[in-house]
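Notes follow the structure.
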Amino acid sequence: MIQTALPARKEKTPPSKLKNWIGVIPFFLFAILFLFLPSVRLFIGSFTDNSGQFTLDNLVQLFSQQVILDAYKVSIQISTVTALAGGIFGFMLAYSVTVGGLPKPLRTALITFSGVASNFAGVPLAFAFVATLGRTGFITAILKNVFHMNIYQSGFNLYSFIGICLTYMYFQFPLMVLIMAPALDGLKREWKEAALNLGASNLQYWLKVAMPVLLPSILGSMILLFGNAFGAYATAYALTGGQLPIVTILIGAQIRGDVLHNPGLGFAMAMGMVVIMAVSLGGYSWLQSRTERWLK
Amino acid sequence: MNWVSKFRKIPFWSWFWFILGVIYFVLPLYATLDFSLRMERDTLGFKAYAVAFQDPAFLKTFSYSIMLAILTIIVSVALVVPTAYWIRLRLPEARRIVEFITLMPFVVPAIILVFGLIRIYSSPLEIPFTSIVLLQPLTNFKLGTNILIIGGYVVLGLPYMYRSVDTGMRTVDVRTLTEAAQSMGASWATIILKIILPNVRTALLSGALLTFAIVVGEVILASFLGIPAFGPYLFLLGQHRAYEPAALSFTTFLLTWAAMGIIQLVTGGQSQAAGAH
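Okay, structure coming up:
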């Protein structure tokens with residue numbers, strides 16, 4: 001970005017005057033009203049007690065109240081499981097349509113479908129999984145009638161941890177496909193030819209050449225997937241009716257009516273979530289930029 | 297011998313993963329479709345769709361959501377296009393900070409955004425250090441909550457809209473076009489409306505369709521701000537009905553698919569790796 005911006009400035013535009021910032025005032029005004037102020041409110045609120053005095057007590061309670069710790073634990077578990085599983089599965093799919101030798105039209109179809117699926121979240125997604133794996137769902141019925149397997153009697157429940165994970169996977173792995181397909185395209189054919197000419201096996205090429213180049217990108221994308229699952233609310237709420245104690249659902253309950261009996265603690269919880277999301281996005285872009293050195 | 301070597305050329309593992317992926321994609325959709333067609337006993341039919349579409353509450357909430365989507369797209373285009381244009385033309389040093397802001401929705405998810413919005417705008421706007429009220433709390437009246445939700449939706453769509461518009465402008469020589477227009481006496485409004493907008497129309501279309509796909513089924517902002525939109529309606533319907541929600545879910549999926557299909561058609565699949573939602 002800087003590289004394109006700097007020469008342009010040298011050639012034509014004189015150093016931008018303060019006057020030029022007038023053109024972006026509406027955008028910044030909007031950002032202040034609808035992004036900056038709400039975030040600052042949460043930030044200040046998490047350091048304020050009920051009488052409006054400064055306190056660190058909310059942050060301390062964040063790490064001492066069992067309800068909150070449990071919520072963070074379950075959220076982190078769901079996000080980790082779906083980021084790993086979705087990441088691996090998505091990578092395999094992206095591999096199969098890019099360098100894996102499948103016909104080109106399949107690639108277009110998969111990318112389009114991934115675009116749809118990664119945007120198909122929330123209430124409709126929850127209902128789709130109820131129709132699939134709910135008590136009278138399609139798969140549940142097939143397993144019961146054809147294979148005489150009652151998954152609900154053997155401990156499966158769509159409205160629990162495993163069910164949420166399976167449902168989240170529906171928007172997790174397509175996101176991985178969307179990020180990884182361009183990265184896999186960036187692998188240069190010459191690298192493989194050079195490696196094979198020097199006597200490497202296909203496996204050695206992947207382990208010693210392709211993987212080291214792709215690894216930051218894979219890890220970064222998985223971190224992004226982690227944040228993607230961590231911030232999700234509607235899907236889990238529609239599926240479990242607010243019963244599963246994850247961070248977003250607890251925050252939702254706090255907005256509806258101070259279930260934590262301390263507004264400041266609610267703000268602190270929201271801040272904790274923003275910190276986790278920021279770390280995951282930061283990690284993603286840092287790792288992504290390390291890969292781009294090689295793939296461009 | 298020949299067929300053996302042919303067989304070995306088939307990328308077995310690639311097909312394996314691809315087929316597994318297709319199954320994961322298709323099964324829930326097929327199950328939803330199948331379920332939605334079974335409202336009448338022992339026969340497949342579109343009764344659930346007929347019942348769902350004829351519900352006056354559906355028509356009301358769905359058209360409300362479409363109206364919200366259109367307003368969101370208008371506001372977001374009005375905000376993003378001049379900003380992206382101005383940055384390219386005059387203010388390259390603002391690029392990083394504006395890009396940073398457009399990525400913020402990934403850090404501040406919808407549930408946190410609505411939390412902050414409600415807490416900020418549920419108290420009246422006063423002139424600092426006085427008690428003169430400039431504006432009643434926005435959450436207290438209908439126009440106010442509608443302003444909040446459209447603002448929130450613009451924020452949620454910002455990463456997609458900004459990125460498509462910015463990508464679109466990369467292929468247009470903004471500077472030359474502007475100089476040509478200025479030398480013929482065009483005003484800034486004319487330049488943006490008649491020169492820049494038509495030149496980035498493909499990018500605008502994909503940004504708009506992504507925004508549309510986000511807004512139409514959105515439930516978090518709508519339910520917390522008490523907006524009678526389609527998302528909360530679908531959620532409530534799911535609490536006490538079985539077949540109609542399945543029918544509407546499948547319809548929503550088709551709508552999302554249509555939006556993405558059109559984007560794919562007009563951009564050749566360039567702008568979809570937009571990122572998280």
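Quick note, the sequences are listed as chains A and B, same order.
Quick note, the first sequence lines up with residues 1 to 296 if you use this note's numbering.
Quick note, the second sequence lines up with residues 297 to 573 if you use this note's numbering.
Ideal placement from N, C-alpha and C gives every residue a C-beta, glycine not left out.
With respect to A/A234, A/A121 sits close: the two C-beta atoms are nearer than 9 Å. Minimum Cα-Cα distance from A/Q172 among the listed residues A/L133, A/L244, A/I223 and A/V146 corresponds to A/I223.
B/S419 and A/M277 have their C-alpha atoms some 28 Å from each other.
Residues of chain B whose Cβ lies closer than 7 Å to the Cβ of A/L106 are, in chain order, F314. Look at B/F425 here: in three-state DSSP terms it is coil, with no helix or strand label. Short of 7 Å from the beta carbon of A/L42, and not among the five residues preceding or following it, lie these beta carbons of its own chain, in chain order: F267, A270 and M271. Of all alpha-carbon atoms in B/R391, B/T552 and B/F526, the one lying nearest the alpha-carbon of B/A504 is that of B/T552.
In the DSSP annotation of this structure, the continuous segment of the alpha helix (DSSP H) that includes A/N145 starts and ends at F138 to N145. In the three-state DSSP reduction, B/L340 falls in the coil class, being neither helix nor strand. Under the 9 Å criterion on CB atoms, A/I111 is classed as interfacial with respect to chain B. Interface with chain A (9 Å Cβ-Cβ cutoff): B/M465 is excluded. Against chain A, a Cβ distance below 7 Å from B/M400 picks out L35. Around the CB of A/F54, fewer than 16 other CB atoms lie within 10 Å, so the residue is classed as exposed. With a cutoff of 9 Å on beta-carbon distance, B/F321 and A/A117 are scored as near each other. According to DSSP, residue pairing for A/T48 in a beta bridge involves A/F54. When DSSP states are grouped into helix, strand and coil, A/L219 belongs to the helix group. Residue burial annotation: A/R256 is exposed, with fewer than 16 other C-beta atoms found within 10 angstroms of its C-beta. Between the beta-carbon of A/G231 and that of B/P405 there is about 3 Å, and that keeps the pair under the 8 Å contact cut. Ranked by Cα distance from A/Y159, the options A/T291, A/A131 and A/H148 are led by A/A131. When C-beta atoms of the stretch 84-97 of chain A are compared with those of the stretch 212-222 of chain A, three or more pairs fall below 8 Å, so the two segments count as touching. For a Cβ distance threshold of 7 Å, residue set V404 and G412 of chain B lies close to A/S39, ordered along the chain.
Excluding its 5 nearest sequence neighbours in each direction, A/F138 has C-beta neighbours in its own chain below 7 Å: A131 and T132, listed in chain order.
A/E292: member of the alpha helix (DSSP H) spanning P263 to L295, first to last residue.
Within the DSSP bridge table, the entry for B/L431 names B/L421 as partners.
A Cβ-Cβ distance of about 35 Å is found for the pair A/L175 and A/N262, leaving them out of contact under the 8 Å criterion. Scanning chain A for C-beta atoms nearer than 9 Å to the C-beta of B/L431 yields nothing, as the closest lies near 12 Å away. For A/L62, there are no C-beta contacts with chain B under 9 Å, since the nearest C-beta of that chain is about 15 Å from it. Annotation: B/L500 has no Cβ neighbours in chain A at a cutoff of 7 Å; minimum Cβ distance is about 17 Å. A/R189 and A/P103 have their C-alpha atoms some 18 Å from each other. Sequence-distant partners of A/W294 (beyond 5 residues in either direction) whose C-beta falls short of 7 Å from its own C-beta, in its chain, are V213. At least 9 Å separates the CB of B/V562 from every CB of chain A.
Proximity of A/T55 to chain B, defined by a Cβ-Cβ separation below 9 Å, is not satisfied. A/L59 carries a helical assignment under DSSP once its states are collapsed to helix, strand and coil.
Here B/F531 is actually not in contact with B/V512; their C-beta atoms are around 14 Å apart, not less than 8 Å. Annotation: Cβ neighbours of B/P307 in chain A (cutoff 7 Å, chain order): G100, G101 and L102.
For B/T472, the uninterrupted alpha helix (DSSP H) segment begins and ends at V470 to S479.
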